[in-house]
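Chains as they are written, first to last, in the UniProt record's numbering: chain S, 1 to 877; chain E, 1 to 877.
Protein chains: 2
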Amino acid sequence: MKKFVYDFMEGSMDLKPLLGGKGANLAEMTRIGLPVPSGFTVTTEACNEYYVKNTVLWDELKQEIFQHLSYLEESSGKRFGDIHNPLLVSVRSGSVFSMPGMMDTILNLGLNDESVEGLAKVTNNERFAYDSYRRFIQMFGDVVLHIGKYKFDTVLEKRKQEKQVENDIDLTSEDLKFLTDEFKKIIEREVKHKFPQDVKQQLLMAIEAVFKSWNNPRAKVYRRINDIPDHLGTAVTIQMMVFGNMGETSGTGVAFTRNPSNGEKKLFGEFLMNAQGEDVVAGIRTPQEIQALNEKMPDAYNKFIELCELLEKHYMDMQDIEFTIERGELYILQTRNGKRTTNAAINIAVDMVDEGLISKKEAIMRVDPQQLDQLLHPTFDEEDLKNAEVITRGLPASSGASYGKIYFSPEDVVKANSSGEKAILVRHETSPEDIEGMVASVGILTARGGMTSHAAVVARGMGKCCVAGAGEVKIDEASRIFKVRDQVFHEGDYISLNGNTGDVYSGEIKTENPQLTGNFQIFMGWADQYRRLKIRTNADTPRDTKQALEFGAEGIGLCRTEHMFFDDTRIPVVRRMILSRTIEQRKKALDLLLPMQRQDFKEIFEAMGEKPVTIRLLDPPLHEFLPHEEEDIRALAKGMEISYQQIKEVVSDLKEFNPMLGHRGCRLAITYPEIYQMQVQAIIEAAVELKKEKGLEVVPEIMVPLVGELKELQYVKDIITKTVDEIIEDSGVDIKYLVGTMIEVPRAAITADEIAKDAEFFSFGTNDLTQMTYGFSRDDAGAFIKEYVDKNILEKDPFQRIDRDGVGKLMEIAVDLGKKTRADLKIGICGEHGGEPNSVEFCHMLNLDYVSCSPYRVPIARLAAAQAAINNKDKLK
Amino acid sequence: MKKFVYDFMEGSMDLKPLLGGKGANLAEMTRIGLPVPSGFTVTTEACNEYYVKNTVLWDELKQEIFQHLSYLEESSGKRFGDIHNPLLVSVRSGSVFSMPGMMDTILNLGLNDESVEGLAKVTNNERFAYDSYRRFIQMFGDVVLHIGKYKFDTVLEKRKQEKQVENDIDLTSEDLKFLTDEFKKIIEREVKHKFPQDVKQQLLMAIEAVFKSWNNPRAKVYRRINDIPDHLGTAVTIQMMVFGNMGETSGTGVAFTRNPSNGEKKLFGEFLMNAQGEDVVAGIRTPQEIQALNEKMPDAYNKFIELCELLEKHYMDMQDIEFTIERGELYILQTRNGKRTTNAAINIAVDMVDEGLISKKEAIMRVDPQQLDQLLHPTFDEEDLKNAEVITRGLPASSGASYGKIYFSPEDVVKANSSGEKAILVRHETSPEDIEGMVASVGILTARGGMTSHAAVVARGMGKCCVAGAGEVKIDEASRIFKVRDQVFHEGDYISLNGNTGDVYSGEIKTENPQLTGNFQIFMGWADQYRRLKIRTNADTPRDTKQALEFGAEGIGLCRTEHMFFDDTRIPVVRRMILSRTIEQRKKALDLLLPMQRQDFKEIFEAMGEKPVTIRLLDPPLHEFLPHEEEDIRALAKGMEISYQQIKEVVSDLKEFNPMLGHRGCRLAITYPEIYQMQVQAIIEAAVELKKEKGLEVVPEIMVPLVGELKELQYVKDIITKTVDEIIEDSGVDIKYLVGTMIEVPRAAITADEIAKDAEFFSFGTNDLTQMTYGFSRDDAGAFIKEYVDKNILEKDPFQRIDRDGVGKLMEIAVDLGKKTRADLKIGICGEHGGEPNSVEFCHMLNLDYVSCSPYRVPIARLAAAQAAINNKDKLK
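Written out as structure tokens, the structure reads:
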């Protein structure tokens, strides 16, 4: 006969498909010798058989269950339904995959009008016994008999009103007895038979309810959406209840095997004597530090210490343990890997390697790369935070925490900053013109835009805190206020931003600066040993470059030349260039820009030493450099001695419906080759000068953006090589350089074999590639992407994590086609995804050469790359 | 020894790689017995050998050339360089592929100070002889010796000034003798040796010049861009000159074997006695009808008639023939398939099938499908056109010709139309709000936007003439004028538009209405026999539907529901729906729209009978339905009794940076499911009513736009099926229907296997797919696409012709993946490309089920589909 029921002692983690996650876990803990309250599990196969048998529990199964129940009575010395020392159990569903929508836990099953008295006796606490009983009836009514919970709550509330008490805890045992009777009446009224006093019947009904919950509509929808097969079925786990409130030799507590806040190797936790877990939660009594248990119950304490070591050795990680002591007997209710701060995570990982508990490889896997962000940015003061009021939430666009006075224009921020104020820039959205205000601010809040909007991208690049797309923030620039629902904030009011969560607070919350410990450096060093991917950075300025080097960047994967154009001293020249009517006028303006760009490149090259630097030629549409407000146009006209009408005409000519898909990238060079000519000249002359002056051998990688067709690249490459050849000839200094292209237009991916004929490297621009592959504008998608994620249509915002099935497929095609044409093609990624761990792993799997990300994400990428290499088990050292 | 020179009599079309296009063609004509002036061709292999030998003509080659030259002297009875009856030749380059940038033709080679006298004698025309001589020297100087042409022109101009004459023709033979001497002096001065009097040297120098032109920079660039291998080389063809001006038994003329204007089977052409071709061009003497030659030279005439028949039989097509009679001897200089009007093309094709000259299959291949457009739209009166002034040129966005008074707002157009005026709507760009003005206009001119801009798409749908993206047109709406450079046009001024060419004219040019002959119907019937693709139409109204049926549509491939929303009576309700703050308000507005949409669908279904109708659910972003100008918003607020502020907020909330990639398509349904619910209800209820009332079995195909991910489609499909099921149950009438999706987002193509799990049909939206695959906004690309085509980076605007390598590759992937999941998946295309012949062929090759295009393109698609089937030789009947 097939075995449908397993005692915890018979199982192990390997039987998860049969016992479900919970059952297997309890069996595993039992197997390694933990004093887990005993119990048994009805298998998933029993669930399937139940459906085969048209939802009837068959006799053999019932017998097997009762057999195990009697083992349980035997080992516990308690009896099911007993009036003196009743055995009570919990009943839980347990599928292989955790699945919301299925039946919740039922606690204290086995209580009836008799055994409740037993419970009162053994706990010496009548109130507790009846509270447990009325809760059990309510839960049973709800999840087994499907009686609306509110029906019970109504009666409860009524009683509280009658007794004029506010909290459940203020009800007496008389009240609870009364409620118990009332609840039983509700059940009788609703299902036309009495609440079952037969505890075995209670158990069978609960088991059936679990089986049935496998096929309730919510569970079915969840399975369909998550591709979980219907045939898996659910197991049912029945476990003995234990009580920490059976007098002064009983108690309950929670402990971490190490300090979850800083990682110190010292037991950390608290306990309460003669109490149940919920007493800790209720906060009526103050728990004691775990170490105090040693005085009260040294045996239990020592046993616990021993178990902690056992658990750390077994799970090879810091554990978060719930325990109960029932009449001197220690029970472990639950153990799991403990949550911890990043700081603690690193310290614990490094310590455990020192202790020989885990290998370096395992240590590396212990820290969530995303978490590293916490270490690199300021955080809020814990105490201040407790009293802070969240006024709204936007997108966590750039990490860190900051507080400051609000200003609505970049100019005002700059002014505030120069008079020593901390200023937060609040905008509908930012645009390149706002750069100086962004630099001068301590944080940025926008009402629109997504995770890759201008504000988000620029802030991340600067390592500056930013909350973007906070849709509830209604800005009225004219009145210099913003509203959130009914709250009004004026210019100069303080707010605080949490860039890690997107929370916006009113008032100031102090911040603490990050400190990178020695363990951090050790840990990152280990990560570097394991990764195959190189890590570069996206940096446009010498300052960014230096920051990135400190964080371990091995080169620049993306230097955006346009950001250099926005500098105060340059923008007038850039505008003059754009407003030129003839090629001669344009060249004259470009001649003025040349020495400035050359100096920029020289500084960046010098900062990077001989590490590779990829420079992207001008990308954004020209209208981004022009003002759009009437007032600003008039000012510009006056300043440049060009007629208002003329500027107005150019602005209107350059206006685009969909600038994202407009006249930008290499398309500019096809219309105005002289712009790229100037930029290439600046790049190569910078390299020539550095070679002459310092003997530095710079090999610039010149990157052409937005290529979708080989001939575009050829046209631009012709311009580049001609320009370079002339400089080399004129200067007599030979400079090696590469010409490559972004792969950011779907067509480039699809025709990568063609494009690789002339591209010496590819760099995936996954921001734009995602925009075009999905047809999502990253600036507009905020309006619906949240809904998509909420409704489970998208698992994750594809601008945050590479969409492997769509965008990733195109990347794969591009890599395959590209390498078919050019086996040694160098391939990297410089989109925002380059600093997101899951995406970094995907890049590793695609066998890219490097990922490039903003400076503050370099450590994240380093660790993610190491984890990817380990997870994908190739080229391990 | 290898043979490097072929007499015309030795060659044929098969030797094209050796003789080049021109040489092979002349050999072929000689082979079939035409009296072509004799000559010979130096092969492409000789050219390659010339480069192997470091660009030196070797003796064996020279001997071979002179050998053939002496054969030529023999057969012609003339001698090279002779003072009495000189042999003159033309020298031409001839590569396998026609190639701009290579050497032009040199005429009259063999003239020197002696033979010029001979030419004067035999033509009895000294002026002609010296004119030929000075032209030859100039041409030789230019193309062989690379002396700037302007140097000769300067001398010529100076002489004309001195003699106070305006035209070359007014110079006397003395003048020409003088110029001959001057030209020789220029050459001596420039190249430091005299103009070669040795005619053999002239010949060798010309041959070398042709060889060298193979490797000049322009030719090299052209080859690189067009993937023409460098090793092909060029041939050189040397042909005897003949003269039609050797007295009254000589002459020259041009003739078509049938009438190129209407196709009538009657020789059509003209000739001049004692004249050269250029005399005809100069227009000094009036040529006679070809039939008059019968009286003057019956032998030559009869011979010519005979040759015409021979040529038609050989080339199996109407021929355009150039001939010269030299002293009674008829020579054919050139014959080619004659250009003809569409009308003539169809009549000739049908006649030739009747005559047994060609098969139906061949007849179908004779008409350019694109040309059919001419037949379906008005054209300009030929006479009026001659005096018309083109003021600018835009994109030929929608076929036809029209004239009318200009107006700058839709309202003014409507007013003008109702008072009986023909009005042309002139706009920066049109938007959906302009629809009524577009309907009331006779033509549309826009300053911006491309071939698939709103104006273009809507105009084509209406079969209305439209010129789009005329960038030179600067509109000043406030002053009600537009400027083109310095010309100013005021409201009410007449202009005329040619939608086939994009030309814009000032003033009125009368138009003629199209007439479809019986042959058109016969011809299209033949096409229908051969095609495999079904042809559907894009139609949103019963009127469009009827027009398309007349043109042979077999169903509707795209019915856009949003156009129905813009109707005057509906837009207020639509706006109320959009401005709703609660779902209840929105549903109330939708309830008002329901009966209107239901009626629309009913009428369209009824017009189509039981032919398939694909209805696309709402696609555009909601802001398209709202006003954006302050004034309009205020008016709306007043009309709807909603606060100005509230509307303003919604408008600003809905504003998008890149609406193309924004909140539209099925994304709307994910946020507002009730909109699609209403539309589906309208569709199905319409079908139910028609079944009840008329017994019509409509099977609606419900199409979900902008799907990029299976779960999007699943979400929407759930809404659809639930809605339909309810109606079917309530009404008791069973309606079959299909749910499918557009494939217009690259991600949909890449994940088509997934999407086909829930899509019962695919319809390629190649407009959007092209936009996203290239990253080109169709509304903005006008600014650079022309440059792309001009610079040969794009062979063709991808919005006009499917880009097979990129967009086409994605389509192929989608078809393959889609059919892998669902073998019987129905696949069509409903983008603008569905009516473009090259794209239709591609759809045939992809084995799509149908193409769908605007009503006026249905005949084009029918013919293109037939040609595709024939070209790709499958399923021929």
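Ideal Cβ placement from N, Cα and C applies to all residues, glycine included.
Excluding the 5 residues preceding and the 5 following residue i in the sequence, name in chain order all residues of the same chain whose CB lies nearer than 7 angstroms to its CB.
i        : result
E/Glu128 : Residue identity differs from the one stated: residue 128 of chain E is Phe in this sequence, not Glu. Cβ neighbours of E/Phe128 beyond the five flanking positions: Asn245.
E/Val143 : Met103, Asp104, Ile106, Ala209
S/Gly11  : Leu19, Gly23, Ala24, Ala27, Thr41
E/Cys466 : Ala397, Ser398, Gly443, Ile444, Ala455, Ala456, Ala459, Gly499
S/Phe152 : Gln138, Gly141, Phe183, Ile186
E/Tyr505 : Ala388, Glu389, Val390, Ile391, Ile495, Ser496
Could you tell me the alpha carbon to alpha carbon distance between residue i and residue j, rounded to whole angstroms?
i        : j        : result
S/Phe657 : E/Ser777 : 8 angstroms
S/Phe642 : S/Pro673 : The identity of residue 642 of chain S in the sequence shown is Ile, whereas the question assumes Phe. Whole-angstrom Cα-Cα distance: 24 angstroms.
E/Ala861 : E/Gln371 : 12 angstroms
S/Ser418 : S/Val439 : 12 angstroms
E/Leu876 : E/Glu841 : For E/Leu876, the predicted structure reports a pLDDT of 38, less than 50, and the residue's modelled location is therefore unreliable. A value from the coordinates is still provided. For E/Leu876 and E/Glu841, the distance between alpha carbons rounds to 15 angstroms.
S/Met297 : S/Thr517 : 38 angstroms
E/Ala869 : E/Val414 : 45 angstroms
E/Asn262 : E/Asn347 : 7 angstroms
S/Met608 : S/Glu760 : 21 angstroms
E/Asp758 : E/Lys717 : 8 angstroms
S/Ala781 : S/Leu661 : 15 angstroms
S/Ile670 : E/Asp805 : 21 angstroms
Leaving aside the five residues before and after residue i along the sequence, list all residues of the same chain whose C-beta is less than 6 angstroms from its C-beta, in chain order.
i        : result
S/Lys194 : Glu188
E/Ala814 : Ile743, Ala749, Ala752
Closer than 7 angstroms by beta-carbon distance: list the chain E residues that pair up with residue i, in chain order.
i                      : result
S/Ile793               : Ile670, Glu709, Lys711, Glu712, Tyr715
residue 938 of chain S : Chain S is shown only over 1 to 877; residue 938 of chain S falls outside these bounds and no answer can be derived.
Note down, in chain order, each residue of its chain lying with its Cβ closer than 8 angstroms to the Cβ of residue i, except the 5 sequence neighbours on either side.
i        : result
S/Arg79  : Glu73, Asn85, Pro86, Leu87
S/Arg223 : Met99, Pro229, Asp230
Please list, in chain order, the chain E residues whose beta carbon lies closer than 9 angstroms to that of residue i.
i        : result
S/Gly450 : Here the premise fails: no neighbours, minimum Cβ distance about 11 angstroms.
Show which residues of chain S have a CB atom less than 9 angstroms away from the CB atom of residue i.
i        : result
E/Asp805 : Glu709, Arg747, Ile750, Thr751, Glu754
For residue i, which residues in chain S fall below 7 angstroms Cβ to Cβ?
i        : result
E/Tyr774 : Gly708, Val745, Arg747
Secondary structure, alpha helix (DSSP H): runs of 4+ residues fully inside the stretch 9-70 of chain S:
Counting only runs of 4 or more residues that sit fully inside the stretch 9-70 of chain S, the alpha helix (DSSP H) segments are 16-31, 44-52, in chain order.
Contact the stretch 783-798 of chain S vs the stretch 722-729 of chain S: 3+ CB pairs below 8 angstroms:
no
Quick check: the stretch 377-386 of chain E against the stretch 467-482 of chain E, are there 3 or more CB pairs under 8 angstroms?
no
Under 8 angstroms, with one C-beta from each stretch per pair, do the stretch 823-831 of chain E and the stretch 839-853 of chain E reach the 3-pair mark?
Result yes; three or more Cβ-Cβ pairs closer than 8 angstroms.
Three or more C-beta pairs under 8 angstroms: does that hold for the stretch 736-756 of chain E against the stretch 700-720 of chain E?
The stretch 736-756 of chain E, when compared against the stretch 700-720 of chain E, does touch it at the 8 angstroms Cβ threshold.
Suppose only complete runs of 3+ residues qualify. What are the beta strand (DSSP E) ranges in the stretch 573-661 of chain S, listed by chain order?
613-616
Would you call the stretch 216-230 of chain S and the stretch 259-275 of chain S touching, i.e. three or more CB-CB distances under 8 angstroms?
no
Could you check whether the stretch 44-54 of chain E touches the stretch 321-329 of chain E, counting it as contact only if at least three pairs of C-beta atoms, one from each stretch, sit closer than 8 angstroms?
Between the stretch 44-54 of chain E and the stretch 321-329 of chain E there are fewer than three inter-stretch CB-CB distances shorter than 8 angstroms, so the stretches are not counted as touching.
What residues in the stretch 809-825 of chain E have a beta carbon less than 9 angstroms from any beta carbon of chain C?
Judged by its chain identifiers, the structure shown contains no chain C, and its protein chains are S and E.
Flag this pair as touching only if the stretch 29-38 of chain S and the stretch 307-320 of chain S have three or more C-beta atom pairs under 8 angstroms; answer yes or no.
Counting Cβ pairs under 8 angstroms, three or more are found: they touch.
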